[in-house]
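Undergrad: To convert, note that position 93 of the sequence shown is 94 in the numbering used here; the numbers rise steadily by one, no gaps.
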Amino acid sequence: MVLRRLLMCCAAFAAASSMIGTFAIAQKDVARSELGSCAAYSGMSSDDNATAGMAFIRGGTFVMGSERHRPEERFTHAVRVDGFWIDRHEVTNAQFREFVTATGYVTLAERGLDPATHPGMPRELLVPGSVVFIQPTNVAGGGRITQWWQYVPGANWREPTGPGSSIEGKDNHPVVHIAYEDALAYAHWRGRELPTEAQWEFAVRGGRDGEGDWSSAFDGEGKPIANTWQGVFPVYNTNEDGYVGTAPVGCFKPNGYGLYDMIGNVWEWTSDWYRPGHPREAAVNPSGPELQDLALTGGQSPSRVIKGGSFLCASNYCARYRPAARQPQEVDLGAAHLGFRTVLNRSERP
Ligand SMILES: [Ca+2]
Ligand SMILES: [Ca+2]
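1. By DSSP's criteria, residue 328 is part of a beta bridge. Which residues make up the other side?
2. Kindly indicate which residue of 278, 135, 300, 301 has the alpha-carbon position closest to the one of residue 290.
3. Throw me the rounded Cβ distance for the residue 270 and residue 341 pair, which I believe falls under 8 Å.
4. Ligand 4 and residue 242: does the residue's C-beta get closer than 6 Å to at least one heavy atom of that ligand?
5. Suppose you measure from the CA of residue 66 to the CA of residue 181; what does that come to, to the nearest Å?
6. Count the other CB atoms within 10 Å of the CB of residue 136; is the residue buried (16 or more) or exposed (fewer)?
7. Using the DSSP secondary-structure output, state which residues sit across from residue 194 in a beta bridge.
8. Smallest Cα separation from residue 99: which of 186, 60, 118?
9. Count Cβ pairs between the region 113-124 and the region 79-94 that sit closer than 8 Å; are there 3 or more?
10. Starting from residue 151, follow the beta strand (DSSP E) in both directions and report where the run begins and ends.
11. Taking the beta carbon of residue 333 as the centre, do at least 16 other beta carbons fall within 10 Å, making it buried, or is it exposed?
12. As a quick check of your reading: which residues have a C-beta less than 6 Å from at least one non-hydrogen atom of ligand 2, in chain order?
13. Using CA atoms only, rank isn't needed, just tell me which of 174, 166, 83 is closest to residue 285.
14. Which runs of the alpha helix (DSSP H), 4 residues or longer, sit entirely within the region 104-135?
15. Checking the sheet assignment: what are the DSSP bridge partners for residue 61?
16. I need the boundaries of the beta strand (DSSP E) containing residue 67, first residue and last residue.
17. Sort 234, 101, 282, 161 by Cα distance to residue 64 and report the nearest one.
18. Given a cut-off of 7 Å on the beta-carbon distance, is the pair residue 358 and residue 344 in contact?
19. Does the distance between the C-beta of residue 312 and the nearest non-hydrogen atom of ligand 1 fall short of 6 Å?
20. Do residue 250 and residue 173 come within 7 Å of each other at the CB atom, strictly closer than that value?
21. Can you give the Cα-Cα distance for residue 150 and residue 133, rounded to whole angstroms?
22. Measure the alpha-carbon distance for residue 15 versus residue 317 and round it to whole angstroms.
23. Pick out whichever of 243, 196, 161, 166 has its Cα sitting closest to the Cα of residue 338.
24. Within 10 angstroms of its Cβ, does residue 169 collect 16 or more other Cβ (buried), or is it exposed?
25. Classify residue 220 as buried or exposed, calling it buried when 16 or more other Cβ atoms lie within 10 Å of its own Cβ.
26. For residue 102, count the other beta carbons within 10 Å of its own beta carbon; 16 or more makes it buried, fewer makes it exposed. Which is it?
27. Decide if residue 167 is buried, meaning its Cβ has at least 16 other Cβ atoms within 10 Å, or exposed.
28. Give a yes or no on contact between the region 224-232 and the region 243-259, applying the rule of three or more CB pairs nearer than 8 Å.
29. From the DSSP secondary-structure annotation, give me the bridge partner or partners of residue 87.
30. Does residue 235 pass the burial test, meaning 16 or more other C-beta atoms within 10 Å, or should it be called exposed?
31. Please return the same chain residues whose Cβ sits closer than 7 Å to the Cβ of residue 78, not counting the five positions on each side in sequence.
32. Assign residue 208 to buried or exposed, taking buried as 16 or more other Cβ atoms, counted over all protein chains shown, within 10 Å of its Cβ.
33. Would the beta-carbon of residue 173 be found less than 6 Å away from any heavy atom of ligand 1?
34. State yes or no: is the C-beta of residue 311 within less than 7 Å of the C-beta of residue 245?
35. Using the C-alpha atoms, what's the distance from residue 313 back to residue 81?
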């Protein structure tokens, strides 16, 4: 199913390419000097209190979803969320290593899928590994432009492009190749949770309302303000933003809540099961549909919602670098462009 979905994604792209607010005010507790520049920012918190590295988001009501973009973002509806704390940046390699060192945790990409719970999965997809982006190079030769995702045995968070690769020197980059259960295990270890889609979408807006592209990857003059892909995906990256792959967390300007890289760098897990579209009804602290309400076909893995887009999102592909944009991701599949951040569901400051 994993492979099938990847191929479906690529086929859709090939067809396309052939045609080549009402919010609380910005948080005042973000000390820019504390966060520092991207070059100096270690990605690690200097203290270990319960909310280290987090920003408090006052609750509020906002319009979730969008009527102006993709069908799965409809319907817009009023949502109220209680206050919560959220990581200022994506969880880094250094932070995840701390977790692994303390607990001995082994990620799903390192373990491999259990054949008993994945009957019918091709044998080559059961060996430990993960999905790696490999830029096509023989476009003129034809045929392989759609095959930028490859399942690489031995790829995991420590060796992100496969055996022999490493994350040395990338302590402050977002950890990748993290399946949903891995992200949840980390969050629980820290006494936290993963954000609901509503929490994430409220937080990404940074205190601004509306459906516009104001929080997208580019400013009003077209300059990159997040780590995405400039140029023509998947063959030509102008690298205008300075990062072909992941960037260290905190390199780009934070949003109004002091949150970094909500848009771009890596996609981020949310805890909502994925179903195309939103209900019309207003909601308070929604947490998405129930698993049994998903229209799954035989053998299909359920998906959760991921948000924000990644360094692979370009204007001709993906382009989901908007607050309301959303995408399904199988819970048992990490990837080179997918990470996460955590929340602490405490509606008042301690
Ligand atoms: Ca980039
Ligand atoms: Ca992100």
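We treat Cβ as the ideally placed atom computed from N, Cα and C, and that holds for glycine.
TA: In brief:
1. 307
2. 278
3. 4 Å
4. Here the bound small molecules are ligand 1 and ligand 2; ligand 4 is not part of this structure.
5. 23 Å
6. exposed
7. 344
8. 186
9. no
10. 150-154
11. buried
12. 91, 262, 263, 265, 266, 267, 269, 309
13. 83
14. 109-112
15. 82
16. Element bounds for residue 67: n/a, residue is neither H nor E.
17. 282
18. The shown model of the chain, from 2 to 351, leaves out residue 358, and the question about it has no answer.
19. yes
20. yes
21. 6 Å
22. Model confidence at residue 15 stands at a pLDDT of 35, short of 50, so the residue's coordinates are unreliable; what they give is reported in the following sentence. About 11 Å.
23. 161
24. exposed
25. exposed
26. exposed
27. exposed
28. yes
29. 56, 344
30. buried
31. 65, 66, 279, 280, 281, 282, 283, 284
32. buried
33. no
34. no
35. 32 Å
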